[in-house]
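Take a look at the structure set out below.
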Amino acid sequence: MPKELLDLLRMIAKKENRRPKTDDFGRNRDPNLPHFMAYYNAFGSFENALAPLGSARLMITNEPIY
């Protein structure tokens, strides 16, 4: 299950071109995605789930800096 959860994080990062957020897996999420608590249960926290993905790289965006 953790591998599938990580794959979904990668998918969200690629689709949204940003670091995944708990909101992506919250109440208004795509019904095909797990609730963010699945990440807490599998990894201890949502941040811990992002760590294997190289979360610093995922935070790079094309948004302008003001």
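Per our numbering, numbering through the sequence shown is continuous, rising by one, with the last residue being 263.
We treat Cβ as the ideally placed atom computed from N, Cα and C, and that holds for glycine.
Open item on the list: Quick check: what's the CA-CA separation for Gly177 versus Asn245?
Closed with: Lying before the first or after the last residue shown, residue 177 is absent from the chain, which here runs from 198 to 263.
Open item on the list: For Lys218, report the span of its alpha helix (DSSP H) as first-last.
Closed with: First-last for Lys218: undefined, no H or E at that position.
Task: Boundaries of the alpha helix (DSSP H) in which Met208 is found, first to last residue - done: Segment Pro199 to Glu213, the alpha helix (DSSP H) holding Met208.
Open item on the list: Classify Ala248: buried if its beta carbon has 16 or more other beta carbons within 10 angstroms, exposed otherwise.
Closed with: With fewer than 16 Cβ atoms within 10 Å of its Cβ, Ala248 is classed as exposed.
TODO: Could you spell out where the alpha helix (DSSP H) holding Leu247 opens and where it closes?
DONE: Residues Phe243 to Leu247.
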